[in-house]
Each structure stands twice: as C-alpha cells, then as structure tokens.
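Protein chains: 2
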Amino acid sequence: MSVQERKERERASRERLILATARELAEQQGWDAVTTRRLAERIEYSQPVLYSHFRGKREIIGAVALEGATEMAAAVRAAAAAADGPHARVSAIARAYLDFAARNPAVYDAMFQLDGGLAFASEDTPEPLKDAFAALLESLGEVAGEGVHPGLFTEVFWAALHGLATLTRARRLPSEDTERRTALLVDRLAVL
Amino acid sequence: MSVQERKERERASRERLILATARELAEQQGWDAVTTRRLAERIEYSQPVLYSHFRGKREIIGAVALEGATEMAAAVRAAAAAADGPHARVSAIARAYLDFAARNPAVYDAMFQLDGGLAFASEDTPEPLKDAFAALLESLGEVAGEGVHPGLFTEVFWAALHGLATLTRARRLPSEDTERRTALLVDRLAVL
DNA sequence: TCCTTTGTCTAGCAGTGCTAGCATCAAGCC
DNA sequence: GGCTTGATGCTAGCACTGCTAGACAAAGGA
C-alpha cells in the first residue's frame, strides 16, 4: 500500500512539474514556444509521458488557466480587503486585475485567449473560474447602482477590464496611460 | 505595355481571390483551417503562388484585417449618421461595433486577436486602422465629458466594446444579455 | 525560329501534436 | 531466491503545418 502511495505522490509531483515548466516556458517565450517536445525535454522525460498526465496540449493550457484563476481570485480579494470604502475598493480591484494580467501574460492568455477546453458561463464551469468571477462580484455588486443586476454589472465591468488588458498587452493601446484609463473607467461605471 | 498591364490586372485579381478565399474559409471553419495547402487548393493554384503575393500566412491575416478595418469604419460611420442626437449616436455605434464583431468573427480575430504583423498605436500604423479608430473618435469625442481627453475616452470605450465582443464570442459571457450590457455601458460611460 | 525571361509546379525540409508498440524494470508470488 | 507479470517510459513514426529550392514549361522579343 505504501509503495502505491509513494508512486502516486511522485506522479502528482511530476504533474506539478509539467505545469510549472509549461507556465515558465510560456511566460518566457510565449505559448507558441511550448511544444510537447520542448516541454518534455525540460522536464527530462519523453513526450508520451505528457500524455499520461494530460489528454493533450490543450488540457495543459486549461490546467494552467485554472491555476491562474485561483491566483487571480486571491489577488482580487486581497486588494479588496486592503482598501477602505467602495471607491477605493473598486479602484484597487481594477488595478489588481490589470496588474495580474500584465505580470502573468501567458497565464492570462491561457485563461481568456487560448482554448484550454474549459467550459465558461455554464453549469460545468470549473470551480476556480466561478470563484474568480465571484471574487469580482463580491465587491463590484455593491456599486452596481439601483435597478442594475449585480451580475450583469460585474460582467460589463469585467469585460471593460478584459478589453483594457488585452488591447494593452497586444500593443493596440499604448501602455503609458493605463492609470488614467483605469481611473476613468472606475469613475464612470461605479455608482457610489 | 498593354500586355504588362493585363498581367498586372490578373495578378491583382488573383490577390483579391486569395484574400476573399482566406476570409471565407476562416469564417466557415476558423483560422486554424486556413492552411496554405487548403487555401492554395481552393484558389486552384499551388502553394508557392501564395508566397509570390504575401510574405507568409501572417501577412494574409494582416491583409484581411485591413479589409475588415475599412469595413468596420464604414459601418460605424453609417450607424452614426443614421442616428439623431448624441445618445442615440453612441448607442448606434456600440451596436454597430458589436454587430460587426459578431457577424465577422474571423475578420475580427484577424484584426485584434491574431498576429497579422501590423503596427498599432504608432506612426507606421496602416491608414485603415487609424481611420477605424478615427470613426469611433468622431462620435465618441463629443460625449467624453468635461476635462476628459477625447482620445483617452475613446480608447476606454473601445476597450470595453472589445471586451464584450471577445468574451461573448469566446462564450465567456452568455450572449442573451448583450443588449442590456451594451445599454448599461453606454448609459454609464457617455456624458450627455 | 531560337533564346530569354517570367511564371508555376513538384518535391522536400524542419517542425508540430499525438500514438502504436516495444523494452525495461520493479513488485509480487511460489 | 528466482520467476512471472504488469506497469512505466522509451523509440520511432504518422499526418499535418508553414515555407522554399530547383526543375520545368509557356510566353515574349529578336
């Protein structure tokens, strides 16, 4: 029994290694550079080993996305908890969101740009994704304004942040004015 | 001289055929299905012919993106011209933008999600892209509100629309409430 | 008519995600 | 302790990708 447990531990540890390596490689050189060959070489195993852990590359991306969702939810909640008052809270959340996207571009891509085979906005949406949305909803719901559904408001706010994050990252928007754009967004959208 | 002119015409016509075919294929089956082999087969030429018109696949995507930008600018201006008053105009623009994205998902991808090798937000940004932004700016500038730079306001509004468009398209947001989300966005962001 | 130039094609390269089938090594049984 | 068995990871290979070198044919000019 103990032997089997040890093997399971080792297997789980190798799975973490795969994910950490994929993530590191993606952050360093982009997801295009994360090929199964390169990934296998970095973890010092052969390619087929990857397929004994994940169905394919897409599932690896999905797993990294879930990791990212958990971290993002934590970052948003931490920012919200450290701020006093609704306005400061919403500002802090917006900054935390954009900051996360800027600091972890590959993870953000995995979550929202690439196909990780994850279900969104449906019943079988994985828990971390639901929770990341919930983290936004907790603080944004209170500034939705009268007669506006908190969920709908959060969706709009989130979409706006997502737009800023992706357009900035893709150099469609110059990154200098990020602060001013964020401030404008918060001031206009949130009802205090 | 006339012979050369005929050849140039034929060449230009074939280039249009390549772009139209690429776009059609992308809209039908997604950009992943637009391989150089398939594209060549559809236009009934061999692969290398594509490379006598474009440097590579990326440049084909870029060319489709420019086409799309021109069309989007026209769609936005048409919507603006058909509406009376600032509020109706902004609403119409938002709907036109999201409608364009929804009706031409592959073209929208070429413009904003994929790498078409185009420069954005810089001096050597191609004219159609600048003009598409200008089309938004023309009508959005007037509702930026006092003390807010029209360009900055347009960027934020655009980013919000972009977020809605991409998240809806990627099924991150359910498509039913698009109208309500758009209305909320317009009502909050635009200063009348 | 011959030669040159232009245009197009066939064939191939290096790389991709993914998999079938073989070797190896450790666990468990007699 | 020696043998069998099953799990585990490997090598080799498939069908595909974007892209290109070099052969070849068709057209134009002398």
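Going down the list, the protein sequences come from chains A and B. Position 163 (the first sequence) corresponds to 151 in this note's numbering; numbering is contiguous. Position 101 (the second sequence) corresponds to 89 in this note's numbering; numbering is contiguous. From the three backbone atoms N, C-alpha and C, an ideal C-beta is built for every residue, glycine too.
Report all residues from its chain with a CB closer than 6 Å to the CB of residue i; omit the five preceding and five following residues, and keep chain order.
{"i": "Ala71(B)", "result": "Arg77, Ala80"}
{"i": "Ala8(B)", "result": "none"}
{"i": "Phe145(B)", "result": "Leu128, Leu177"}
{"i": "Arg30(A)", "result": "Thr9"}
{"i": "Ala0(A)", "result": "none"}
{"i": "Ser163(B)", "result": "Thr156"}
In the structure shown, what three-state DSSP assignment does residue i receive?
{"i": "Thr113(A)", "result": "coil"}
{"i": "Leu7(A)", "result": "helix"}
{"i": "Phe108(A)", "result": "coil"}
{"i": "Ala28(A)", "result": "helix"}
{"i": "Ala76(B)", "result": "helix"}
{"i": "Val179(B)", "result": "coil"}
{"i": "His150(B)", "result": "helix"}
{"i": "Tyr85(B)", "result": "helix"}
{"i": "Thr170(A)", "result": "helix"}
{"i": "Pro162(B)", "result": "coil"}
{"i": "Arg157(B)", "result": "helix"}
{"i": "Thr23(A)", "result": "coil"}
{"i": "His41(B)", "result": "helix"}
{"i": "Tyr33(A)", "result": "coil"}
{"i": "Gly56(A)", "result": "helix"}
{"i": "Leu124(A)", "result": "helix"}
{"i": "Asp103(A)", "result": "coil"}
{"i": "Val136(B)", "result": "coil"}
{"i": "Gly50(B)", "result": "helix"}
{"i": "Gly129(A)", "result": "helix"}
{"i": "Ala185(A)", "result": "With chain A covering -11 to 180 only, the question about residue 185(A) has no answer from this structure."}
Considering only the beta carbon of each residue, do residue i and residue j sit closer than 8 Å?
{"i": "Gly151(A)", "j": "Gly151(B)", "result": "yes"}
{"i": "Ala98(B)", "j": "Leu161(A)", "result": "no"}
{"i": "Leu180(A)", "j": "Val131(A)", "result": "yes"}
{"i": "Val64(B)", "j": "Leu149(B)", "result": "no"}
{"i": "Leu235(A)", "j": "Thr166(A)", "result": "The question about residue 235(A) has no answer here: the residues shown for chain A are numbered -11 through 180."}
{"i": "Leu54(A)", "j": "Pro116(A)", "result": "yes"}
{"i": "Arg169(A)", "j": "Glu126(B)", "result": "no"}
{"i": "Ala68(B)", "j": "Val174(B)", "result": "no"}
List the whole-angstrom C-beta distance separating residue i from residue j, where the pair is believed to meet the contact cut-off of C-beta under 8 Å.
{"i": "Phe193(A)", "j": "Met60(A)", "result": "The structure shown does not extend to residue 193(A), since chain A spans only -11 to 180, so no value can be given for it."}
{"i": "His181(A)", "j": "Glu3(A)", "result": "Outside the modelled stretch of chain A, which goes from -11 to 180, sits residue 181(A), for which no answer is possible."}
{"i": "Thr154(A)", "j": "Thr154(B)", "result": "7 Å"}
{"i": "Ala57(A)", "j": "Ala147(A)", "result": "The Cβ separation is near 17 Å, so there is no contact."}
Mind checking whether the beta-carbon of residue i lies closer than 7 Å to any heavy atom of the ligand GTP?
{"i": "Ala67(B)", "result": "Annotation note on the ligand GTP: not contained in the displayed structure, which lists no ligands."}
Who are the near neighbours of residue i in its chain, counting only those whose CB is closer than 7 Å to its CB and skipping five residues on each side?
{"i": "Leu102(A)", "result": "Trp19, Ile49"}
{"i": "Gln35(B)", "result": "Thr24, Arg25, Ala28"}
{"i": "Arg91(A)", "result": "none"}
{"i": "Ala10(B)", "result": "Val22, Leu27, Ile48, Val52"}
{"i": "Pro114(B)", "result": "Leu54, Leu106"}
{"i": "Arg46(A)", "result": "Asp103, Gly104, Gly105"}
{"i": "Gly139(B)", "result": "Leu125"}
Whose C-beta lies closer than 8 Å to the C-beta of residue i among residues of the same chain, with five residues either side of it excluded?
{"i": "Ala66(A)", "result": "Ala84"}
{"i": "Pro93(B)", "result": "Glu15, Arg157"}
{"i": "Ala122(A)", "result": "Ala61"}
Interfacial residues, the segment 147 to 168 of chain A to chain B, with Cβ spacing under 9 Å: Contacts with chain B (Cβ-Cβ distance below 9 Å) from the segment 147 to 168 of chain A involve Ala147, Ala148, Leu149, His150, Gly151, Leu152, Ala153, Thr154, Leu155, Thr156, Ala158, Arg159, Arg160, Leu161, Pro162, Asp165, Arg168, listed in chain order.
Interface residues of the segment 109 to 140 of chain A facing chain B [CB-CB below 7 Å]: Result list: Ala109, Val136, Leu140.
Residues of the segment 19 to 47 of chain B whose Cβ lies closer than 8 Å to any Cβ of chain A, in chain order: none
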